Amino acid sequence: MGALDFHLLVAALRADRADVESYHRVLSETLGSALPPGMVEVARRRTLADRVARRDGQAVSVRVTTPDHVLVLSEAAHGGVAAEIHQVVRGVVISRKPASVEAWLAALARELTALAETDTKARDALSRLLDG
Numbered sequence: 082m083g084a085l086d087f088h089l090l091v092a093a094l095r096a097d098r099a100d101v102e103s104y105h106r107v108l109s110e111t112l113g114s115a116l117p118p119g120m121v122e123v124a125r126r127r128t129l130a131d132r133v134a135r136r137d138g139q140a141v142s143v144r145v146t147t148p149d150h151v152l153v154l155s156e157a158a159h160g161g162v163a164a165e166i167h168q169v170v171r172g173v174v175i176s177r178k179p180a181s182v183e184a185w186l187a188a189l190a191r192e193l194t195a196l197a198e199t200d201t202k203a204r205d206a207l208s209r210l211l212d213g
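Counting in our numbering, the final residue of the sequence shown is number 213, and the numbers go up one at a time with none missing.
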């Protein structure tokens, strides 16, 4: 995956995404099934109405775990999306840095691009995201 594909991936993830629920749909539905199990995790808030209706509830955070980083998007205190990038060494988080959504998307694209270079299923999922 070249530099052009990297920029296409960032643009595809950036398009019309203003809340955690939108990112959750893209990451879980488009990439989640093709990526290794546990790489994309979603935390949800379920109301009593959600439980009664057997709905999953609203996504409040999305966590993408890679060998070197944990990328977290969550609901911000006053609406919108808050992003964090955690540095991981040997499975231990050694730093947590707040990031802009743009920086978070760029970090995610870099991680997915690196994964796609070694994993055929991930490469196919990224191709579907870029084509769709």
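Glycine included, each C-beta is placed from N, C-alpha and C at the ideal position. Please read all numbers here as calculations on a predicted model, not as lab measurements.
My output table needs one value for ALA188: the three-state DSSP class, helix, strand or coil. Residue state, collapsed to three classes: helix.
Looking only at its own chain, which residues have a Cβ that is under 8 Å from the Cβ of SER176, when we skip the five neighbours before and after it? HIS167 and GLN168
Would you call the segment 127-137 and the segment 145-157 touching, i.e. three or more CB-CB distances under 8 Å? no
Measure the Cβ-Cβ separation of TRP185 and ALA157 and say whether it is below 8 Å. no
Member of SER181, GLU192, VAL151 and VAL162 whose CA lies at the smallest distance from the CA of GLY172: VAL151
CA-to-CA distance, LEU154 to ALA130, given in whole angstroms: 25 Å
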